[in-house]
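Data first, discussion second: the structure below is written as structure tokens.
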Amino acid sequence: MSSTATAMLQESPPIEVSRRDLPLCCPRPDAPVWNMHPRVYLPIEDDPHHEAVCPYCGAGYRLVD
Numbered sequence: 001m002s003s004t005a006t007a008m009l010q011e012s013p014p015i016e017v018s019r020r021d022l023p024l025c026c027p028r029p030d031a032p033v034w035n036m037h038p039r040v041y042l043p044i045e046d047d048p049h050h051e052a053v054c055p056y057c058g059a060g061y062r063l064v065d
């Protein structure tokens, strides 16, 4: 992934997900670039703030329900 794409993801607001989206993985299966890096599962439900950041691309996620 280019540094420009990574910077854009890091500046974007977190992607809101619900409990029906668990287990959460990045990239998401419905993402237009679903194969941009290896799939990683993010333990968002274990975080006290219900947030997670992908270690590959920097995409942020927030559990909303």
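At position 36 of the sequence shown the residue is numbered 36 (full-length UniProt numbering), and the sequence of numbers has no breaks. Every residue gets a Cβ at the ideal spot worked out from N, C-alpha and C, and that includes glycine.
- From the listed residues Asp47, Leu42, Pro38, Pro13, the smallest Cα separation to Leu22 is found for Leu42.
- Note on geometry: alpha-carbon atoms of Tyr61 and Met36 lie some 17 Å from one another.
- Burial check for Pro27: the Cβ neighbour count within 10 Å reaches 16 or more, so the residue is buried.
- In this model, Pro13 and Ile44 are separated by some 16 Å (Cα to Cα).
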